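First residue of the sequence shown: 70, per my numbering; consecutive thereafter.
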Amino acid sequence: MSIKSRILLLVLLVVTASTISLGALAFRRGGEALERSIGTALANAAAETLDKVDRELQERFEDIRHWARIKSVVNAAIGEFDADWRVLSDFDEIRKTYPGIPGLFVVDDKGRVQAATDAGLMNRPLPPELAELDRRRTAATRYAGPARSDTLKSTVMLLGAPIEWAEAKLAPGSLLAALDFANVYAILEAVRVSGDSAPWFLLLDSSGHAIGMPPMLRASHGTTPPTPRELGLDLDPNALSSPRGYRVVTDPATGQRDLVGFARSRGHGTFPGLGWTLLYRVSGAEAFASIVGLKREMLRVGGALALAVTLLGFAMAFQLVRPLESLRDAMQRVQGGHFDAELTLRASGEIARLVDAFNYMLRGLRDREFLRDVFSRHVSPAVARKILSERDALKLGGERRRATILFTDIRSFTTLSEQMPAHEVVALLNEYFAEMVGIVFRFDGMVNKFIGDALMAVWGVPFDVPDASAKAAFAALEMQSRIKAISADRQARGLPAVVMGIGFTTGDVVAGNIGSPERMEYTVIGDEVNIASRIEGLTKQFGADVVMSESAYLEISEICVAEPLGPVKVKGREQPITVYRLVSMTVRPEDLRGRPS
């Protein structure tokens, strides 16, 4: 794909993604705002409706308190002769004024009906369902119910007030009024929260059971008040803990999201309320119908915007493509290893800065390539990164440093190799060096060179290494542990065993690039290098795995277990040197001041 095509595709993708993202954000924010508006309206409608219900109940209570002081009611309560027909006449007048009261009862202090709208109930105990409601009334609420009354053939609430008789300190009885619950339904169903149809609602009592619901639900449930969940409204009761609010619920049958607004009864005047909660519900499809049209309009506008910006991007692509193609060609040359392919384009603005950055990158690549050639096969990745990041501190021309030099050698390798095919010799050396090099790198060392089956490693060049002698000691012990495991595996496969000797010393060396202009090598030279090589040769003489010089021993004497092997005469030195067999370390590698990288 050409650069022009890529730019066009990128512009198209960016514009499309931006349009979709902004549209989705606007759609979501619009939906949230609409949801909040409708939910708040539902909650307010529920609160206003409950206030009307509380006001209606308060007014009826004030009425019944007034009726309880009527002379005929008092006379009926105290058993006055010939009071029955008078109170029945008054009851008829009351029912004409308030047709929503199907029953009035004068009950004496023994619970017997002294007068009632139904003469057949007089001089009898109060019907059981009404007696139960009377028992449940409290002085605070004065109300009980609603409940189904077979006597009155309707669902009623029972309201009572003590009969007031001036000649007695105690009330001679109570006046009870059965209020038809249809009055409450009329208030609930008169509200229009969405459209012209009656709303879907639930009226919950203080225990969270539904005592009021739409006609379709009333017909399908018995006399026991159901919970909202039993009516298909999966709403956590804790969600209704606030005085008013709204929630989004999911219909378990259709998976549709609906809005439910709710409010709790607050009472009215001296009436404290019954702790009822009213819920109004509208379907999500009905609530968010206006958002659907907005979504279509946003898609049309977004498509037009995407087309316009794409055409603009096509025009800009032609202006950008020429210098970018030159930059592409230069990058391809760099990819082929030509780090001298600097650009000399006449450009301005961002393209000019891009060309400058490319040329700066080339210079950095040339420098890094040089350092990589020098060190990549000699140091661990961590040291290589340090070399590349601290090039100014690196001295390749030569410097004197204190370092620890370690030599390894496979004993009797010549004899061993004569017993093996060539490919097995190469495989053995590769396995051996791979393990040893990994250990050197793990303990911050530098692999300086391979000499046949021998390996030379250095700690302290090209940068200082904290605890260099200790890290070399840890590396030596781990090398021996690993070579023994390799040897055991070979013997298990019927191959000859492999034994290795290790020697190391600590002292001053000269480090730098040594060789001819055609072949340079970063290495260390000096007497300590020769001593390390000779010490390694003593391992076979003493039957020791690891031997170290006195200078190395003095630096780790407090953290190692070692056995003195005495002064030893070595080739190339007139004076004998004192050497030690390294047995073990008394600390862990991570306890060193400079932990392994």
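Using N, Cα and C, we set each Cβ at its ideal position, and we do this for glycine too.
Quick caveat: nothing in here was measured; it's all calculated off a predicted structure.
With fewer than 16 neighbouring CB atoms inside 10 Å of its own CB, E131 falls in the exposed class.
Boundaries of the alpha helix (DSSP H) harbouring Q610: D596 to F611, taken from the DSSP string.
If you ignore the 5 residues before and after I420, its C-beta comes within less than 6 Å of the C-beta of P392, all in its own chain and listed in chain order. In this structure, DSSP gives A86 a helical state, which the three-state scheme calls helix. Sorting G563, A137, A114 and L412 by C-alpha distance to the C-alpha of P231 places A137 at the top.
Here L497 is buried, its C-beta having at least 16 other C-beta atoms within 10 Å.
Fully contained in the stretch 139-191 are the following beta strand (DSSP E) runs of length 3 or more, in chain order: 172-177 and 181-185. When beta bridges are read from the DSSP output, M226 appears opposite L248. Around the beta carbon of G529, a 10 Å sphere encloses 16 or more other beta carbons of the protein chains shown; the residue is thus reported as buried. Rounded to the nearest angstrom, the Cβ distance from Y622 to L634 is 11 Å, too far for a contact under 8 Å. In its chain, beyond the 5 residues on either side, R603 have a beta carbon closer than 7 Å to the beta carbon of K640. In this structure V260 does not touch A116 by the C-beta definition: roughly 11 Å separates them, more than the 8 Å allowed. Following the DSSP letters along the chain, one finds N582 inside the beta strand (DSSP E) bounded by residues M569 to S585. In summary, Q644 is exposed, with fewer than 16 beta-carbon neighbours lying within 10 Å of its beta-carbon over all protein chains present. Judged by beta-carbon spacing, G324 lies beyond the 8 Å limit of A247, meaning their Cβ atoms are not closer than that value. In this structure L309 touches F331 by the C-beta definition: roughly 6 Å separates them, less than 8 Å. The Cβ atoms of D123 and H337 lie closer than 8 Å to each other. For E632, the enclosing beta strand (DSSP E) begins and ends at C629 to V637.
Beta-bridge analysis with DSSP links I646 to V637. When W154, S218 and D274 are compared, the shortest CA-CA separation from D249 is found for S218. Counting of Cβ neighbours within 10 angstroms places T608 among the buried residues, the total reaching 16 or more. A straight line joining the alpha-carbon of V506 with that of Q549 spans about 13 Å. Sequence-distant Cβ neighbours of N252 in its own chain, meaning closer than 7 Å and more than five residues away, are E125 and G169. In the DSSP assignment, T473 falls within the beta strand (DSSP E) that extends over E468 to I479. T118 and D327 have their C-alpha atoms roughly 21 Å apart. Boundaries for G514: no alpha helix (DSSP H) harbours it, and the DSSP string shows neither H nor E there.
In this structure the stretch 469-480 lies against the stretch 530-549, because at least three pairs of beta carbons, one per stretch, are closer than 8 Å.
Assigned with DSSP and collapsed to three states, G242 falls in strand.
Secondary structure of S310 (DSSP, three-state): coil. By the criterion of at least three beta-carbon pairs nearer than 8 Å, the stretch 484-491 is in contact with the stretch 561-577. For I280, same chain residues with a beta-carbon under 6 Å away, outside a window of 5 residues either side, are P215, L272, D274 and P294 in chain order.
Sorting V143, R657, T346 and T186 by C-alpha distance to the C-alpha of D161 places T186 at the top. Each residue's CA atom was taken as its position, placing M282 and L348 some 10 Å apart.
About 6 Å separates the beta carbons of E468 and A580, which is inside the 8 Å limit, making them a contact pair.
In the three-state scheme derived from DSSP, where H, G and I count as helix and E and B as strand, L304 is classed as coil. Put simply, of I520, K121, D536 and T296 the residue whose alpha carbon is nearest the alpha carbon of F512 is D536.
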